[in-house]
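Peer 1:
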Amino acid sequence: MDRMTQAAAIHDEIRALAAERDAVIIAHNYQRPEVQDVADFVGDSLGLARQAAATDASVIVFAGVHFMAETAKILSPDKTVLMPEPRAGCPMADMLTGEQLAAWREGHPGVPVVTYVNSSAEVKALSDICCTSANAVEVVRSLRADRILFGPDKNLAAWVGSQLPGVEVIAWDGWCPTHEDVTVEQVREAAARHPSAEIVAHPECRPEVCAMATAVLSTSQMLRWAESSPAEEFIVVTEEGLLHGLAKAAPGKRFVNLTPRMLCPNMKVTTIEKVRDSLAGMRTAIEVDAEVARRALGAVERMVAVG
Ligand code: 13P
Ligand code: SF4
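Set out below in structure tokens:
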């Protein structure tokens with residue numbers, strides 16, 4: 001059996017298992033194409049959190065990274081949340097621990113803490129509100145504060161600060177290894193090769209890279225942008241998994257992958273075989289300490305409600 005036929009057979013097996021288990025499969029925009037294609041919903045962190053909160057299914061299979069499945073469990077504590085590959089983490093989320101946040105907070109009494117959803121449940125439990133790349137600016141605006149603490153992503157913090165000049169954004173020193181690597185020179189070279197292309201960049205990129213973009217957007221916002229923009233060509237400054245969704249959202253338009261190194265290894269460890277095995281064996285269930293989940297829920301619910 002060639003790979004395509006094999007993948008199609010596994011796809012059918014997964015859909016049958018999902019029906020049997022009363023499961024919904026949700027996948028992030030950076031997942032492998034065949035994992036995206038077998039999912040019920042594909043989206044950005046905000047969209048997937050909303051799907052996890054709204055689903056009637058009793059099982060959620062989360063094809064993404066650990067903080068995303070943990071967020072789903074916080075929002076739906078009575079549901080079984082399965083990760084086909086529980087070792088899929090996010091290095092940025094590990095750059096701020098609960099202990100570090102508690103100390104940082106204590107050093108800034110009265111200053112609201114806004115936490116990027118790319119963080120652990122412990123960190124969320126110590127936060128006033130969470131945000132994603134899709135609604136970070138709106139979340140901070142909603143606080144009507146003139147100073148905030150923002151972690152763990154210094155680049156998203158800088159983007160928010162640039163959009164809200166009246167707000168002092170005090171940033172934690174965390175970053176995404178995949179987006180932090182992008183340089184101004186790479187974008188400049190791509191723009192020289194594709195002079196009529198629009199540049200769409202994720203706000204996890206450095207400020208000088210964001211400053212070159214036509215638009216700074218979350219992954220799902222990029223899909224909508226590509227669909228509705230009159231441009232025919234786009235330089236895509238985010239993880240390469242999005243190219244699959246872009247080709248589907250705007251067939252006929254051209255998408256330039258900035259560099260073949262724009263890859264998040266954690267997003268790629270989930271395969272369709274693992275999705276099938278996860279459903280067949282009902283593993284691996286993600287658990288969050290009940291007290292931590294209870295304290296994190298408010299910050300996550302406030303995030304889901306904004307934007
Ligand atoms: P989005 O919420 O924009 O999909 O981003 C998630 C992420 O991890 C980006 O690296
Ligand atoms: Fe984390 Fe970056 Fe991977 Fe997103 S792309 S999951 S921020 S390491």
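Counting from 1, position 158 in the sequence shown corresponds to residue 158 in the working numbering; the numbering is continuous, with no gaps. Cβ atoms here follow ideal geometry from the backbone N, Cα and C, with glycine treated the same way. Remember, it's a predicted structure, so these values are computed and weren't measured experimentally.
Touch check for the stretch 18-31 and the stretch 159-167: three-plus C-beta pairs under 8 Å?
Peer 2: With a cut-off of 8 Å, the stretch 159-167 and the stretch 18-31 do not count as touching, because too few Cβ pairs lie within range.
Peer 1: What does DSSP give as the partner residues of Arg147 in its beta bridges?
Peer 2: According to DSSP, which records beta bridges pairwise, Arg147 is partnered with Glu168.
Peer 1: Could you tell me the alpha carbon to alpha carbon distance between Ala285 and Ala136, rounded to whole angstroms?
Peer 2: Distance between the alpha carbons of Ala285 and Ala136: 29 Å.
Peer 1: Using a Cβ-Cβ cut-off of 6 Å (strictly less than) and excluding sequence neighbours within five positions of Pro112, which residues of its own chain qualify?
Peer 2: Excluding positions up to five away in sequence, the list reads Asp128, Leu143, Ala145, Ile148.
Peer 1: Is the separation between the beta-carbon of Ala305 and that of Pro77 shorter than 8 Å?
Peer 2: Contact: no.
Peer 1: Considering only residues of the same chain and omitting the five flanking positions on each side of Pro177, which have a CB-CB separation below 6 Å?
Peer 2: If we look at Pro177 and ignore the five residues flanking it on each side, its Cβ neighbours are Pro91.
Peer 1: State buried or exposed for Arg32, treating a residue as buried only when at least 16 other CB atoms are found within 10 Å of its CB.
Peer 2: It counts as buried.
Peer 1: Opposite Thr115 in the DSSP bridges: which residues?
Peer 2: Note: Thr115 sits in a beta bridge opposite Cys130, Gly151.
Peer 1: Helix, strand or coil for Asn257? Go by DSSP, reduced to three states.
Peer 2: In this structure, Asn257 counts as strand in the three-state DSSP scheme.
Peer 1: Comparing the CB of Ser228 with every heavy atom of ligand 1, is any distance shorter than 7 Å?
Peer 2: It does not: the Cβ of Ser228 is nowhere closer than 7 Å to a heavy atom of ligand 1.
Peer 1: Quick one: grab the DSSP three-state call for Ile286.
Peer 2: Ile286: coil per DSSP, three-state reduction.
Peer 1: Apart from the five residues just before and just after Asn310, which ones in its own chain have a Cβ nearer than 7 Å to its Cβ?
Peer 2: In the structure as shown, the chain begins at 1 and stops at 307. Residue 310 is therefore absent and cannot be evaluated.
Peer 1: Report the rounded CA-to-CA distance for Glu360 versus His66, giving the unit in angstroms.
Peer 2: Nothing can be reported for residue 360, as the shown portion of the chain is limited to 1 through 307.
Peer 1: Determine the contact status of Ile14 and Val269, defining contact as a CB-CB distance below 8 Å.
Peer 2: Cβ distance not < 8 Å, so Ile14 and Val269 don't count as in contact.
Peer 1: Roughly how many whole angstroms lie between the Cα atoms of Lys124 and Glu70?
Peer 2: Each residue's alpha carbon lies about 11 Å from the other.
Peer 1: Using only the alpha-carbon positions, how far apart do Ser162 and Gly151 sit?
Peer 2: C-alpha separation (whole angstroms): 16 Å.
Peer 1: Could you check the C-alpha separation between Met222 and Val200 for me, to the nearest Å?
Peer 2: About 7 Å.
Peer 1: Alpha carbon to alpha carbon, how far is Glu227 from Ala249?
Peer 2: Distance between the alpha carbons of Glu227 and Ala249: 6 Å.
Peer 1: What is the C-beta distance between Ala54 and Glu34, in whole angstroms, given that I count them as a contact (C-beta under 8 Å)?
Peer 2: With 8 Å as the limit, Ala54 and Glu34 do not qualify as a contact, their Cβ atoms being about 25 Å apart.
Peer 1: In terms of DSSP beta bridges, what is Glu233 paired with?
Peer 2: DSSP lists Arg254 as partners of Glu233.
Peer 1: According to DSSP, simplified to helix, strand and coil, what is Ala57?
Peer 2: DSSP places Ala57 in coil when its eight states are reduced to three.
Peer 1: For Gly64, count neighbouring Cβ atoms within 10 angstroms of its own Cβ and tell me buried if that reaches 16, exposed if not.
Peer 2: That one is buried.
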